[in-house]
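Participant: Pasting a structure below so you can have a look.
See below:
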């Protein structure tokens, strides 16, 4: 990814675009940061169905990059790469969602499992086992594993997904300027981090390892499979279950996080 040095080297371009609305400067910025689109599309394409075109992802991503450049304020001292990556990823997922790339039946399975994790882990106050999930869902453990495999493509989680389905507020709205004084947002951010930390702590050891390697070390699922000496499909299952558990934890605490 493009680093801090590159960002500083483009200050003049940012000034020309933001202050003078110089379209040549804007085009230069787009071309400079295009590698971000390729990077994000590579990460996002992991585990997606074969009918999802990488070219389509890139097209959506370019629109997200342009939107990020148009809205970014370089004077706030934030990293453009981080801001743009979220915008690019959100644009890609919005494009996929509009194309209805996941069958309704698969989304319903995902929701059913997420709700089961939410209820059982609230009841037991610990990470529930596959056997307990299977018993609750009234399916065999083999069928449960297949369900998790089927919904792997739905666990591509976007920062632009609504926190609550009926409202427009997104996780992106939680990203705040550290220089800005907004106590309410700060409290929500701290609470969210604490909630996620507790949820991650309750993941199984293998699930935590997958989450760490995928989101922090930025390895692909196939690379994680090699590191952990497991099959890619098993890694996909572990990733899916981890995300569903985390979503369940967020749903469980959303009434406390986002009270009016």
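In UniProt numbering, the protein residues as written are 1 to 260.
We put the CB at the ideal spot given by N, CA and C, even for glycine.
Since we're looking at a predicted model, the values are computed, not measured.
Starting from residue 85, follow the alpha helix (DSSP H) in both directions and report where the run begins and ends.
Facilitator: The residue labelled residue 85 in the question sits at position 85 within the chain shown. Its alpha helix (DSSP H) spans residues 80 to 98.
Participant: I'd like to check one pair, residue 235 with residue 221: are the Cβ atoms closer than 8 Å?
Facilitator: Along the chain shown, read from residue 1 onward, the residue named residue 221 stands at position 221. Along the chain shown, read from residue 1 onward, the residue named residue 235 stands at position 235. Yes; because the gap between Cβ atoms is below 8 Å, this pair is in contact.
Participant: Please report the straight-line C-alpha distance between residue 68 and residue 75, rounded to a whole angstrom.
Facilitator: The sequence position of residue 68 within the chain shown is 68, counting from 1. The sequence position of residue 75 within the chain shown is 75, counting from 1. Here the alpha carbons of residue 75 and residue 68 stand approximately 15 Å from one another.
Participant: List, from N- to C-terminal side, the alpha helix (DSSP H) runs of 4 residues or more that fit wholly inside the UniProt domain "RNA polymerase sigma-70" (220 to 246).
Facilitator: 221 to 228, all fully within the UniProt domain "RNA polymerase sigma-70" (220 to 246).
Participant: For the alpha helix (DSSP H) that contains residue 24, what are its first and last residues?
Facilitator: On the chain shown, position 24 is the one that residue 24 refers to. Taken as a continuous stretch (DSSP letters only), the alpha helix (DSSP H) holding residue 24 covers 23 to 44.
Participant: Should the stretch 122 to 139 be called in touch with the stretch 194 to 211, which here means at least 3 C-beta pairs below 8 Å?
Facilitator: At 8 Å Cβ cutoff, the stretches touch.
Participant: Among 43, 19, 53, 84, which residue has its Cα nearest to the Cα of residue 214?
Facilitator: Within the chain shown, the letter at position 214 stands for residue 214. With distances taken between Cα atoms, residue 214 lies closest to 43.
Participant: Taking the alpha helix (DSSP H) that residue 151 falls in, what are its first and last residues?
Facilitator: Looking up residue 151 in the chain shown gives position 151. From DSSP, residue 151 is part of no alpha helix (DSSP H); its letter is neither H nor E.
Participant: Less than 8 Å between the beta carbons of residue 147 and residue 109, yes or no?
Facilitator: As a working mapping, residue 147 is identified with position 147 in the chain shown. As a working mapping, residue 109 is identified with position 109 in the chain shown. Cβ atoms of residue 147 and residue 109: closer than 8 Å.
Participant: For the candidate residues 70, 62, 63, 239, whose alpha-carbon lies nearest to that of residue 16?
Facilitator: What you label residue 16 is simply residue 16 of the chain shown in a count that begins at 1. Looking only at 70, 62, 63, 239, the smallest Cα-Cα distance to residue 16 is reached by 70.
Participant: Please classify residue 258: does DSSP put it in a helix, a strand, or coil?
Facilitator: Here the question's residue 258 lines up with position 258 in the chain shown. Its pLDDT being 48, under 50, residue 258 is placed unreliably in this model, and the value from its coordinates should be taken loosely. Coil.
Participant: Using the C-alpha atoms, what's the distance from residue 65 back to residue 95?
Facilitator: Working through the chain shown from its first residue, we reach residue 95 at position 95. Working through the chain shown from its first residue, we reach residue 65 at position 65. Taking the straight line joining both Cα atoms gives about 14 Å.
Participant: So the alpha helix (DSSP H) residue 215 belongs to, where does it begin and stop?
Facilitator: Taking the chain shown and counting its residues from 1, the one referred to as residue 215 is at position 215. Residue 215: not part of any alpha helix (DSSP H); DSSP gives it neither H nor E.
Participant: Which residues in the same chain as residue 158 place their Cβ atom closer than 7 Å to its Cβ, once the five residues preceding and following it in sequence are excluded?
Facilitator: Numbered from its first residue, the chain shown carries residue 158 at position 158. Confidence at residue 158 is low in this model, with a pLDDT of 45, below 50, so the placement of that residue should be treated as unreliable; the coordinate-derived value is given next. Excluding sequence neighbours, residue 158 sits near 89, 90, 93.
Participant: Looking only at its chain, what residues have a beta carbon closer than 8 Å to the beta carbon of residue 29, apart from the 5 residues adjacent to it on each side?
Facilitator: Taking the chain shown and counting its residues from 1, the one referred to as residue 29 is at position 29. The residues are 10, 13, 14, 17, 69.
Participant: Counting C-beta neighbours from all protein chains within 10 Å, is the total for residue 97 16 or more, i.e. buried, or is it exposed?
Facilitator: Working through the chain shown from its first residue, we reach residue 97 at position 97. Exposed: under 16 other Cβ atoms inside 10 Å.
Participant: Measuring only the C-alpha atoms, how far is residue 79 from residue 143?
Facilitator: Here the question's residue 79 lines up with position 79 in the chain shown. Here the question's residue 143 lines up with position 143 in the chain shown. Approximately 45 Å, taken between the alpha carbons.
Participant: Would you mind sorting residue 114 into buried or exposed? The rule is 16 or more other CB atoms within 10 Å of its CB.
Facilitator: Working through the chain shown from its first residue, we reach residue 114 at position 114. Only buried fits residue 114, as 16 or more other CB atoms lie within 10 angstroms of its CB.
Participant: Evaluate residue 121 with the Cβ neighbour count: other Cβ atoms within 10 Å of its Cβ, from every protein chain shown; 16 or more gives buried, anything less gives exposed.
Facilitator: On the chain shown, position 121 is the one that residue 121 refers to. By the 10 Å Cβ count, residue 121 comes out buried.
Participant: Here's the rule I'm using: 16 or more other beta-carbon atoms within 10 Å means buried, otherwise exposed. How should residue 239 be labelled?
Facilitator: What you label residue 239 is simply residue 239 of the chain shown in a count that begins at 1. When all chains shown are included, residue 239 counts as buried.
Participant: Contact defined as beta carbons within less than 8 Å: I believe residue 85 pairs with residue 36. What is the distance between those atoms, to the nearest angstrom?
Facilitator: As a working note, residue 85 is residue 85 in the chain shown. As a working note, residue 36 is residue 36 in the chain shown. Between the beta-carbon of residue 85 and that of residue 36 there is about 6 Å, and that keeps the pair under the 8 Å contact cut.
Participant: With distances taken Cα to Cα, identify the nearest neighbour of residue 228 among 237, 210, 243, 31.
Facilitator: For this step, residue 228 is matched to residue 228 along the chain shown. For the residues 237, 210, 243, 31, the minimum Cα distance to residue 228 belongs to 210.
Participant: Can you tell me which of 196, 223, 212, 226 puts its alpha carbon nearest to the alpha carbon of residue 248?
Facilitator: Position 248 of the chain shown, counted from the start, is the residue given in the question as residue 248. It is 196.
Participant: Given this structure, state the Cα-to-Cα distance separating residue 57 from residue 87, to the nearest angstrom.
Facilitator: Taking the chain shown and counting its residues from 1, the one referred to as residue 57 is at position 57. Taking the chain shown and counting its residues from 1, the one referred to as residue 87 is at position 87. Cα-Cα distance, rounded: 13 Å.
Participant: Could you tell me the boundaries of the alpha helix (DSSP H) in which residue 209 lies?
Facilitator: By 1-based counting over the chain shown, the position of residue 209 is 209. Run containing residue 209: 205 to 211, per the alpha helix (DSSP H) assignment.
Participant: Within the same chain, show all residues whose beta-carbon is closer than 7 Å to that of residue 116, passing over the 5 residues directly before and after it, in chain order.
Facilitator: Translated into positions along the chain shown, residue 116 becomes position 116. Here the set comprises 133, 136, 137.
Participant: Quick one: measure Cβ to Cβ for residue 265 and residue 152, integer angstroms, because I've assumed they're closer than 8 Å.
Facilitator: Not covered by the structure: residue 265. The range shown for the chain is 1 to 260.
Participant: Is residue 138 helix, strand or coil by DSSP?
Facilitator: For this step, residue 138 is matched to residue 138 along the chain shown. Coil, per DSSP.
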